[in-house]
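Numbering (UniProt numbering), first residue to last: 1 to 353.
So this is what it looks like as structure tokens:
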């Protein structure tokens, strides 16, 4: 006669055998193996992934599988949205509780690439072509350009799903594509603004020797610039009582988000371009040439819930004991040993004359 312990072990072994046979019979193990041996990739036709709203998004779906798999359809989803947020430092205590604003949908389309069927073993390439702007809708539909900022992000994603049914995990792949708006017609002429920087134009305290001895820097720079061309201009140091340490051009973004009845605005640095290192000869013209970074800039946007604007700041750092003691100070914060001039900058998607 078997002991209670032997009876318990026998019951457990029977239950285990039953459970293993159930798993194999329902295909759960095979589904797991299929998921591990099958890979899907989404490849766009253009290496730079840049498309315009009037152009088709083209590419191919690449499926690599060790064995043939059945599916219930292959679908492609295109999504574009403006994601808004407000960081705690940009808003008050009350606003910080509602720091994430509801995204603004720009594009939301789902299309069937293939009906249900079977994908053979090996590598299968499935081409696709989808027009971004829906031809059945009004062409006044607004597309904003791709932009990655501090509080505002405009992003477009293409996602492919291979539906496998209840017992199999769906295969999915996502890729970001970049949207650029159509060129304005006719071409624009860059607008140049003349500026001058002296001790009397500074709105912040400066060194006593700069205040008494004085300095004068003049020049001109674009305030309306094409996204296809660099920001250009020129600068001349006419006089300065102190030697100059460096001359920098700061490209700034100004992001504004509507939060309730309040507009939260934050200015942040995109990039710094140094046009002079050390003291420069007086009355010598220095060229200004700044290449605009693609994903960190976009045409100026003035929408209802948000706006994206830009500024350019000309910063002159003078040689002094204080500047040597603080070599890594915040470039956006005016200092005693700095002189600066900030101008609005409008960016447009157009060719220059």
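Using N, Cα and C, we set each Cβ at its ideal position, and we do this for glycine too.
Output the distance between the C-alpha atoms of residue 67 and residue 160, rounded to the nearest integer angstrom.
Indexing the chain shown from 1 puts residue 67 at position 67. Indexing the chain shown from 1 puts residue 160 at position 160. Between residue 67 and residue 160, the alpha-carbon positions lie close to 20 Å from each other.
Tell whether a beta-carbon distance below 7 Å holds between residue 191 and residue 223.
One-based indexing of the chain shown puts residue 191 at position 191. One-based indexing of the chain shown puts residue 223 at position 223. Contact flag set, yes.
CA-to-CA distance, residue 311 to residue 248, given in whole angstroms
Counted from its first residue, the chain shown places residue 248 at position 248. Counted from its first residue, the chain shown places residue 311 at position 311. For residue 248 and residue 311, the distance between alpha carbons rounds to 14 Å.
Round the Cβ separation of residue 243 and residue 277 to the nearest angstrom and send it over; I've been treating them as touching at under 8 Å.
As a first step, residue 243 is located in the chain shown; it is residue number 243 there, counting from the start. As a first step, residue 277 is located in the chain shown; it is residue number 277 there, counting from the start. Their Cβ separation, rounded to whole angstroms, is 12 Å, which puts residue 243 and residue 277 out of contact at 8 Å.
Under the three-state reduction of DSSP, which class applies to residue 54: helix, strand or coil?
Residue 54 sits at position 54 when you count from the first residue of the chain shown. Coil, per DSSP.
For residue 299, which of 211, 254 and 39 has the nearest alpha-carbon?
The residue given as residue 299 occupies position 299 in the chain shown. It is 254.
Check whether the stretch 115-135 touches the stretch 44-64, taking contact to mean three or more Cβ pairs, one atom from each stretch, closer than 8 Å.
Taking 8 Å as the limit for Cβ pairs, the verdict is that the stretch 44-64 does touch the stretch 115-135.
Name the one or two DSSP bridge partners that residue 309 has.
Along the chain shown, one-based indexing puts residue 309 at 309. The partner list for residue 309 (beta bridge, DSSP) reads 254.
Taking all protein chains shown into account, do 16 or more other C-beta atoms lie within 10 angstroms of the C-beta of residue 339, making it buried, or fewer, making it exposed?
Stepping through the chain shown from its first residue, residue 339 is reached at position 339. Result: buried.
Can you check which of these residues, 260, 220 and 267, is closest to residue 359 by C-alpha distance?
Because the chain here runs from 1 to 353, residue 359 falls outside it and cannot be looked at.
Boundaries of the alpha helix (DSSP H) in which residue 164 is found, first to last residue
Translated into the one-based positions of the chain shown, residue 164 becomes position 164. Run containing residue 164: none; DSSP gives neither H nor E here.
For residue 53, count neighbouring C-beta atoms within 10 Å of its own C-beta (all shown protein chains included) and say buried if the count is 16 or more, exposed if not.
Numbered from its first residue, the chain shown carries residue 53 at position 53. Buried is the call here.
Using the Cα positions of residue 79 and residue 275, report the straight-line distance between them to the nearest angstrom.
Along the chain shown, read from residue 1 onward, the residue named residue 79 stands at position 79. Along the chain shown, read from residue 1 onward, the residue named residue 275 stands at position 275. So the two alpha carbons sit approximately 41 Å from each other.
Would you call the CB atoms of residue 381 and residue 74 closer than 7 Å?
Nothing can be reported for residue 381: it is not among the residues displayed for the chain, which extend from 1 to 353.
is_contact[residue 321, chain B] using C-beta, thresh 7 Å
Absent here is chain B; the protein component of the structure consists of one chain.
Which residue comes first and which comes last in the alpha helix (DSSP H) that contains residue 324?
Locating residue 324 in the chain shown gives position 324, where the first residue counts as 1. Residues 321-325.
Identify the continuous beta strand (DSSP E) that holds residue 232 and give its terminal residues.
Along the chain shown, read from residue 1 onward, the residue named residue 232 stands at position 232. Looking at the DSSP string, the run of the beta strand (DSSP E) that includes residue 232 is 231-240.
To the nearest angstrom, report how far apart residue 317 and residue 246 are at their CA atoms.
As a working mapping, residue 317 is identified with position 317 in the chain shown. As a working mapping, residue 246 is identified with position 246 in the chain shown. Cα to Cα, residue 317 sits roughly 5 Å from residue 246.
Of the residues 37, 56 and 295, the one placed nearest residue 178, counting alpha carbons only:
Position 178 of the chain shown holds residue 178. For the set 37, 56 and 295, the Cα lying nearest the Cα of residue 178 is the one of 295.
Going by DSSP, name the residue or residues bridged to residue 199.
Translated into the one-based positions of the chain shown, residue 199 becomes position 199. Under DSSP, residue 199 shares a beta bridge with no residue.
Taking its Cβ as the centre, do 16 or more other Cβ atoms sit within 10 Å of residue 213, making it buried, or is it exposed?
As a working note, residue 213 is residue 213 in the chain shown. Under this definition residue 213 is an exposed residue.
Expressed to the nearest angstrom, what Euclidean distance is found between the alpha-carbon atoms of residue 230 and residue 305?
On the chain shown, residue 230 is found 230 positions in, with the first residue counted as 1. On the chain shown, residue 305 is found 305 positions in, with the first residue counted as 1. Distance from the CA of residue 230 to the CA of residue 305, rounded to the nearest whole angstrom, comes to 29 Å.
Does the Cβ of residue 297 have 16 or more other Cβ atoms within 10 Å, making it buried, or fewer, making it exposed?
The residue given as residue 297 occupies position 297 in the chain shown. The residue in question, residue 297, is buried, as its Cβ has 16 or more Cβ neighbours within 10 Å.
Residue 321: which of 82, 336 and 104 sits nearest, CA to CA?
Taking the chain shown and counting its residues from 1, the one referred to as residue 321 is at position 321. Nearest of 82, 336 and 104 to residue 321, Cα basis: 336.
Do you know how far the Cα of residue 200 is from the Cα of residue 341?
In the chain shown, the residue the question calls residue 341 occupies position 341. In the chain shown, the residue the question calls residue 200 occupies position 200. Going by the C-alpha atoms only, they are around 12 Å apart.
In the DSSP assignment, what residue or residues form a beta bridge with residue 44?
Residue 44 sits at position 44 when you count from the first residue of the chain shown. Residue 44 pairs with 59.
How far does the alpha helix (DSSP H) with residue 211 in it reach, from first residue to last?
Within the chain shown, numbered from 1, the residue matching residue 211 stands at position 211. Here the alpha helix (DSSP H) through residue 211 covers 208-213.
Opposite residue 266 in the DSSP bridges: which residues?
Along the chain shown, one-based indexing puts residue 266 at 266. Within the DSSP secondary-structure output, residue 266 pairs in a beta bridge with 255.
From what residue to what residue does the beta strand (DSSP E) around residue 289 run?
As a first step, residue 289 must be located in the chain shown, where it is residue number 289. Per DSSP, residue 289 belongs to the beta strand (DSSP E) from 285-290.
Through-space distance from residue 241 to residue 313, alpha-carbon basis:
Against the chain shown, residue 313 aligns to sequence position 313. Against the chain shown, residue 241 aligns to sequence position 241. Straight-line Cα distance between these residues: approximately 22 Å.
What residue range is occupied by the uninterrupted beta strand (DSSP E) comprising residue 205?
If you number the chain shown from 1, residue 205 lands on position 205. Boundaries cannot be given for residue 205, as no beta strand (DSSP E) includes it and DSSP labels it neither H nor E.
Taking 6 Å as the limit between beta carbons, can you name the residues of its chain near residue 273, skipping five residues before and five after?
As a first step, residue 273 must be located in the chain shown, where it is residue number 273. Closer than 6 Å at Cβ, skipping near neighbours: 249 and 290.
Straight-line CA distance for residue 219 to residue 333?
Working through the chain shown from its first residue, we reach residue 219 at position 219. Working through the chain shown from its first residue, we reach residue 333 at position 333. Our two residues, residue 219 and residue 333, have alpha carbons roughly 23 Å apart in a direct line.
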